Every structure is written in structure tokens, then in C-alpha cells.
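With the first letter of the sequence shown counted as 1, position 384 gets the number 384 in UniProt numbering; the numbers rise by one all the way through.
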Amino acid sequence: MTQPFRTPTGGRIDRSTPIEFEFDGATYTGCAGDTLASALLANGIRSITTSVILGRPRGVTGSWADDATAQVGIAAPYSEPMVPATTVELCSGLVAHGVPGLGTLSPDVDTARYDALHHHPDILVVGAGAAGLMAALLAARAGLRVLLVDERGEAGGATPWAPWVTEAVAEFDAFDTTTRLTRTTAFGAYDDGFVLAVERRTDHLGLAAPQQVSRQRIHRIRARHTVVCAGAHERPIIFGNNDLPGVMLAGAAADFLHRYGVIVGTRAVVFTACDSAYETAFALAGAGVEVRAIVDVRTTLSNDLAEHAAALGISVRTDDAVVGALGTDALRGVRLRDGNSIECDTVLVSGGWNPAAHLWSQLRGTLTFDASAAAFLPTGGLPATDIAGAAAGMLTAGSCLADGRRAGLSAIRALGAVAPELRAIPHVGERTPAATEVFWRVAESDATTAFVDLQRDATVADVDRAIGAGMTSVEHVKRYTTIGTAHDQGKTSGIVTSGLVAELLGVDVNDAGTTTFRPPYTPVSFAALAGRDRRDRYDPVRRTALHRWHTDHGAVFEDVGQWKRPRFYPRGGEDMASAVLRECADVRAGVGILDGSTLGVIDVAGRDAPAFLDMLYTNMMSTLPIGRIRYGVMCAPDGMVKDDGTVMRIADDRYTVYTTTGNAAAILDWMEEWHQTEWPQLQVFTTSLTDHVATFPVVGPRSRDVVGTVFTDLDVSNDAFGFMEWRDTTFDGVPVRIGRVSFSGELAFEVNVSAEYALDVWHALLDAGGPHRITPYGTETMHVLRAEKGYPIIGQDTDGTVTPHDLGMSWVVSKTKPDFIGKRSFARASNTDPLRKHFVGLLPTDASTVLPEGSQIVAHSVDSTLPPPPVPMLGHVTSSYRSAALGRPFALALLQGGHDLVGTRVSVPVGDRLVEVEVTSPVLVDPEGTRRDG
């Protein structure tokens, strides 16, 4: 298949290797080395998609990451919902389609690999153009470890074909201390020399099954010194209908010609405020393109440019401007300021160049507008960072080399290395200086069709409207208009917006400033950031020491935090409801055993451990005697419950703290945060023991018999072993610690042993419980048992807005402690409001309905109908179960003013009906607590 817009020769592509691909359902042919954009242009495809808001046709406007329009979705051989066609390298089997700035996620699981590597170079050089190559080569000659990264497939920046590039790359690659990464974009720069980069690893391989290799790789780089040589982005000039397919950056057209042998049109008009666009005009004319005119906003230009244009027969119109592009679906001409029109199929625009100083700015480097350069340039300095070449405002090849030499020597000296002899690098001649006049937009254009951000469909009129609404900051205008928030992050629109804001406000451009440059510099897929941390690796599966036993005995598991916990143990085809009712009845009537090894266990030790825990908990822990256990609650600074659990005092200077399963890591982090940031003077040490300790609650009226049989040296009578006490014993010489703690209201003992001996102790307890028909039970039964006693679960019965008082646990808040986290918040009027939501029980009056958890609670309705909307919501159901002990369903809830509503009735919508429920105390089983001691 012919490619009508491909030149007969030239470019960096491999013409001997044709590649067939599919776009929008049609099949085309490109060449190895093409991007999808260059291959489409070679085939004459100019309209790629439509705009996201207005639905206007959009084509290709740039040649790389600066393109703001040509968004495509990839369906094969890999899936990518939205990516610029200019950065998609053509590969075998590529199937793509245009997307209007809104991609669609594939329903199929991505089987590709995503890897990560770590690097610790002496010097990181970002960008392998003239400046970057020079800086990297000098550092390599100095014997330093150098990492050179560049986002394109080959080094050399704008001129990869230059002979000196080949020689410089060969010398650099020959060092043992150097690494060069191609197709790798440095997208984020952070403190202490940390830089993140993403490498594309499959597009260029032409693989039919890219899942066989890593598709993308994240490089985590910690460099002693960084040199940013990221080049520059060409800036457009804003005029009417400038979004039509066929309107393109002049430098992009030159790039398509020189890299890919593609002419972007047959009849072109060049619209410029910058000398560099003339080079594009001359190159295109040499390739057979009819350059119908160069429209230059400046009044004068150099004799060399004028003479060269005349020699090529190109008309130059100075002191003129393109007011509007003509056409509907594609460009067919332009209208000039003087009213004349020129027929053309391409407009190549250049308003100057913006240094790609994004990484510099991410590191909080300053940018200052330089009128002579017509650009914001990096100024000042940054620790362990240099910026050079076009990224620093040097826009000619020779000046970039000189600036790269300066930056390279600066880095070498900063690291205390010896600067090498400056052996000559192959000569690079000066190119025409990029003399530019500051020119943001054509004032005579229709502001409603003069597009500033082509991806967001934002126009000059939108900027003007933002300023009229009082948005005088560029940051505010960005958010009002959404300019610069799309995939290209304002690479072509951001600085223009600064200029427009300055012009419309009548202030200096430097005073208007720029928006904040933030990572990522270019879009990075979530899959790449996740790397191999997906599925089980994303949230690691944790198993207790008894996991195999549980699976062998038919346990059905649930995920609690990262743990696999047995939820119930079905027998004879039982469903969960039947199994849980059986387990609950067995525990209440006899004895049950639970694997509670997932509870958080934290050792808190040190001279100041008592004072430390007093500040963390709402109640006193310093007064807890050795050998005793105390229930405690932790609150956040706002007074809301954060976690609860029990605390054992082991010695004057040591405690064992038990947390909820899901909060184990968070509470350890919480302790460390307060210790390190607020109370560093305290001598206290916190250590997680969660994975080291197995915990088995033995629960029920016959639990004393079981524990006493296994641990014969232990007196388990009430008189000798009281509630909330702990005792040390042994099992075959292995230390065991047992606590009298109950999360069910029944007589209970918690057996704690080193995890390596867990299975032996578990078997011993089961054997001892055999005569009493001991029942292993899971988390669902545990939840029912605790709910029957009104014990809340933090995170299920609380939601971050619940205080201990709301839970009916004012007793757990010390009235004598001078301070603890959250204390001051309890004095707030909102925290003592009687209409706060309180923790209550609910009993459906039909004694049969299980209220769905999360159901809303509304006022009682006599006729069982809802009032007209909006219906006031009084609270919601937090826990709901069937109860063997009660012989009926019950629920727990947070209810507005609930403490005062006990004994009244409210309603709960369930499906299409209202269920009447009675409000009760949350304690529904054994409210007197007589079962606790057996």
C-alpha cells in the first residue's frame, strides 16, 4: 500500500520493514521506526479524533509529548485507554482508534509485566541532546558513574542524524561506569536527588505478545547530582479556528520530515514570530512542499532569511498575521489581517520556544520571564542540580554544547572529581539564532474560536471570562478554565495563558508568572506505578500459623486487613447463616475456640512507657498494676474513636498492647508519629509482635475445664485467676501467657504463644475440649457474640465521627488525667450535643427481618409509608445478625439522639417496605454480666 505523504528517501525509519496496522477499522501500512502519528500522516490521515467538549475535529499538532490533540486508544497487541499517537511507536499487530480525550478501560485483565529498577549514579543527566550528551560525556571521562536518560528512541535531540552524535554516544557507551536509557521519560523530581522515570519497553519490539516482556519499567533514581537537559517546547500563536486539522507546530512538521520522511501537507503557510520557523519552511520547500507564504508578525527580519526565502520563491509577509483558519472538518486556507486569504492545507505555527524546565520547577527552582528570549527561563540555583541547553534557554546547537560543557564541569566539581581534559567533541556549527518577538495571540481573531488549550476546548474568550469573574491569578484562571489540566499538562498552552492573563490585566508577564509544574511531566499508567504490586502482591496475603489446619477443616475465609481469617466452618452442606447459628449456640452452651492471631500486638517498653500510653489512651494506663489487663480507647485529636483494645502491664516499664486486626500497622505508625514528632523526649520503644504471637480465645462456660486440663500448673478458678488478669505458664517447656479477657461476654481465656508452637498448642486445646464438644468458630460468629453484648467494632460500628460518649462508654474517658490525645475536643459544644448519633440496639418488631447493614433509619411511620422527600435520615444500621441466643434477628446502629430513644420505635426501609424496629440498649444478651465468670 502506498504512503502518499512519505518522501522517497530520508528519515530515520527502516523503509525495508513495512508494518501493517489498523486505525478506526481501516488497515494501513507504516515503517519500522514510525510513530502511529507519523504513519497516519504518511497515509494522508489528518483527522484523528474529536475534541472532548465541543466535538470539533482534531488532528496532529505536535510530534511528541507536546501534542495536545491526537489522542488514541490502543486495543492490540496491548491495551491502553488513552495515549498521544505521537508517542506510540508502531509495532506489529497494532490496533488503535481515536478517542476524544476520554478513554475506556479494557474489561480484560492486563497480563503484561511492569517492572522497577533502582539506580544510584553520581550524576543523572536528563536529556540526550547536545547539552545532555556533552555533560554526560564529560562526567564519564571524569570517572563518575553516569546515568543518561532520554525519552526518544535515539540520542541527539533535534538532530539525531548528526555524525557527532554517533561518535559521542559510542564514546559514552564504552565506559564501564555509564548507563544510557532510551525511551525513558524522567517525569518527577523530588528532594535529595530522587527522580522517577518511566521506560517504554515493548512498542518498538514489534511483539505480537508483549506480555512476554515488561511493557513498562519505572526507574527510581537517587543521584548525587542531576543535570536537566530536557530541551524546549515550541509555543503556538493563538488565532481563530486554530484547532482545525492541518494546523501544526512548525517544529513538529520539521521533526516529521527529518525523523520519519513525512510531509505534513502539500501547500503550507508558515505563521511565525520566530526565526526558527524559517528553517522548517526551507526544509519543506526542499522536500517538494509548496510553501505559499511565511506570515511573520515582526516588522523586520535578517537579510539571510529574506534572501534564502526569495531564492526558494517563498513569499514573506512581515508585520502581518493569520486572523483565522478557514474550513470546517479540515483546513482549506487562512485569512490574513489585511483581509486577504491564502488557500492551503497546512498552517505551521511558531510563537517561540519555552524551556522544558518542568523538573527544575518541580524541585522549586524559580522561573523568570526574559523578554529577549520571549520565554520564562530558569534562574537562581538549586542544591545538587544544574540545568543546561535549551532547557536553560540556549536554543542553538552550538550554545547547547557550550552550556552542556558548563553544566558537566559544574557537576564534576560539585562532586569533588577531577575535571577531564576537554578533548574536542566533533564540531557542531551554529544554527540561526531563534530570535523571537513576544506575541501571544492575534487580537483581531474571534476569541470564541481562538483555542488556547486544544485538549480542553478552552479559548481566549474563556480566559477573558475568568478574569471578568475576578480570577487575577494564573493558577485561578487555570482552574476556572481547566487550561493545562489535560494529558499534555499545558506544554503548549500554559505559558500562552500566562501571556494572555498579563495582557488582559495590563501587567508584566513576569508578574503574572506561571502555574505550578507538578509530576508527572507526561502521563504515566497506574500499571507502571504499581509494577509487580498487583493482585496478591498489591495487598500481600497474610496467613496465620494455623492456615493449613483451617483449610483442611473446610474453613470459609474472609479478608480482614491483609489476613485470611476463617469466617465459619460449614458442616454437612451448611450455608453461612446455619453454620454461624450452630457455632454461636455451641459457644454459649459449651466451649468454642477461635484463631485470633491476627490481632495487633505491640510491645511498648521504656522508662516513660506509662506516661506515653496515658497520652495515647483516654483512660489511665500508668495506674494499671503488673499482672492486670485494662480495656482502652484511643481517640484522634478531634475526639473521635480511632481504635480500641486491651493493654497488659508486664513490668513497671513494659506493656503489651492489643489492637484491632485492621489497625495493627496504623496504630504502630500512630505511636511512632506522636513519639517522634511531639514527645521525642520520652524514653519509649515500640515493637510489633503481631507476626510472632499466636492468640487463641477459648470461650464458653466450659472454657475453664479446657484450659485447666492443658495447663495443669495453672489455677484457673475465679478466686485465683480473676477477670482482666493474666498469668504466665508453660506448655512442654514453651512459655505461654494467658489472659482472662472476653469479647463475647462469656467466661473466656486468651492463650498466647509463640507462633512457631501455635499448632501444637491448638491441637492440645482441641484434644482437651473433645469431651466438651469444643467448636472451632470463625469471625462471623465472633461478630455475632460481641454484638449481642453490645461491644462495638471500630471501623464497622464507628465511622470517624463517633466519640466514646456516643458509644455509651463515658466511663473509659478519664476525668482526672490532665491531658491525652482528643481531650480538648470533648469540651466542644458539638461533641456534647444530645442529638449526636448514639450507639443503640435495634429489634425488628416482626422478629424475622434481618436489617441490611448500612440501611438508613427514618422516623416511625404508623401507616408504613415514607413521607415525601427529602426524608430526614436519623442514622444507619452498623451491624446486623441472626441470634441463636435471642432466637431472632437484631442489629446495632448509630441513631440521632439514640440514648434518649431507647424503648421507642423507628423505621428502616428495606427494599420497597418499611420495617418497624424497637430501639434498645446495645447490650442484648446477659446485661447483668453474670456469664463472664462462668
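Beta carbons are placed, not taken as given, at the ideal position from N, Cα and C, and that holds for glycine. Quantities reported herein were computed from a predicted structural model and do not represent experimental measurements.
How close, in whole Å, do the beta carbons of arginine 565 and threonine 781 come, if the pair is a contact with beta carbons under 8 Å?
Not quite, the Cβ-Cβ distance comes to about 12 Å (not below 8 Å), so this is no contact.
How should isoleucine 602 be labelled, buried or exposed, when 16 other C-beta atoms within 10 angstroms of its C-beta is the threshold for buried?
Buried, since its Cβ has 16 or more Cβ neighbours within 10 Å.
Can you list, in chain order, the residues of its chain whose CB lies under 7 Å from that of serine 810, leaving out five sequence neighbours each side?
Pro804
Suppose only complete runs of 4+ residues qualify. What are the alpha helix (DSSP H) ranges in the region 543-630, listed by chain order?
547-552, 576-589, 609-616
Report the three-state DSSP secondary structure of leucine 94 (helix, strand or coil).
coil
Let me check one thing: in DSSP terms, what residues is glutamine 216 bridge-paired to?
Tyr114, Arg200
Have a look at tryptophan 674 and glutamate 167 and give me their C-alpha separation to the nearest angstrom.
57 Å
Considering only the alpha carbon of each residue, which of Ser703, Ala411, Asp806 lies closest to proline 771?
Closest by alpha carbon: Ser703.
Considering just the uninterrupted stretch of the alpha helix (DSSP H) at aspartate 767, what are its terminal residues?
758-769
Could you check whether alanine 155 and alanine 186 sit closer than 8 Å to each other, using their CB atoms as the reference points?
no
Would methionine 576 be called buried (16 or more neighbouring beta carbons within 10 Å of its own) or exposed?
exposed
On the DSSP bridge list, what partners appear for threonine 930?
Threonine 930 is not bridged to any residue.
Can you give me the C-alpha to C-alpha distance between alanine 130 and threonine 544, rounded to a whole angstrom?
58 Å
Excluding the five sequence neighbours on either side, which residues of its own chain have a C-beta within less than 7 Å of the C-beta of alanine 232, listed in chain order?
Trp353, Asn354, Pro355, Ala356, Ala390, Ala391, Leu395
What does DSSP give as the partner residues of tryptophan 353 in its beta bridges?
Glu234
Would you mind stating whether threonine 646 and arginine 630 have Cβ atoms separated by less than 8 Å?
Contact flag set, yes.
What is the DSSP secondary structure of threonine 643, counted as helix, strand or coil?
A quick correction: the sequence has aspartate, not threonine, at residue 643. Aspartate 643: strand per DSSP, three-state reduction.
What is the DSSP secondary structure of serine 498, reduced to helix, strand or coil?
helix
I think asparagine 510 touches glycine 639, with their Cβ atoms under 8 Å apart; what is that distance to the nearest whole Å?
Contact flag wrong, Cβ pair sits at about 48 Å.
To the nearest angstrom, report how far apart valine 710 and leucine 766 are at their CA atoms.
Approximately 10 Å between the Cα atoms of the pair.
Tell me the rounded alpha-carbon separation between aspartate 370 and alanine 443.
23 Å
How many angstroms separate the CA atom of leucine 546 from the CA atom of alanine 605?
29 Å
Hey, out of Glu916, Gly25, Phe5, whose CA is closest to alanine 39's CA?
Phe5
If we ignore side chains and look at the alpha-carbon of each, how far apart do alanine 68 and valine 270 end up?
19 Å
Tell me which same chain residues have a C-beta within less than 8 Å of the C-beta of valine 463, skipping the five on either side of it?
Val452, Val477, Thr481, Ile483, Thr497, Leu500, Val501, Leu504
Terminal residues of the continuous beta strand (DSSP E) containing tryptophan 440?
Counting along the chain, tryptophan 440 falls outside any beta strand (DSSP E), and DSSP gives it neither H nor E.
Just to confirm, are arginine 332 and valine 323 a CB contact at a threshold of 8 Å?
Taking 8 Å as the Cβ cut-off, arginine 332 and valine 323 do not qualify as a contacting pair.
Secondary structure at proline 18, three-state DSSP: helix, strand or coil?
Proline 18: strand per DSSP, three-state reduction.
If you measure between the beta carbons of threonine 385 and valine 228, is that distance less than 8 Å?
A contact, by the Cβ cut-off of 8 Å.
Since phenylalanine 194 contacts leucine 94 with CB under 8 Å, what's their CB separation in whole angstroms?
So it is not a contact: roughly 35 Å between Cβ atoms.
Alanine 32 bridges to which residues according to DSSP?
Asp14
Buried or exposed: leucine 343, going by 16 or more other Cβ atoms within 10 Å of its Cβ?
Looking at the sequence shown, residue 343 is not leucine but glutamate. Exposed: under 16 other Cβ atoms inside 10 Å.
Helix or strand or just coil, what does DSSP make of threonine 816?
Correct three-state label for threonine 816: coil.
Buried or exposed for proline 776, going by 16 or more other Cβ atoms inside 10 Å?
Label assigned to proline 776: buried.
Counting only the same chain and skipping the five closest in sequence on each side, list residues whose C-beta sits under 8 Å from that of methionine 621.
Contacts found: Pro610, Leu613, Asp614, Arg630, Gly632, Val647, Arg649, Tyr655.
Do alanine 273 and arginine 292 have their beta-carbon atoms positioned less than 8 Å apart in this structure?
Result no, Cβ atoms of arginine 292 and alanine 273 do not sit closer than 8 Å.
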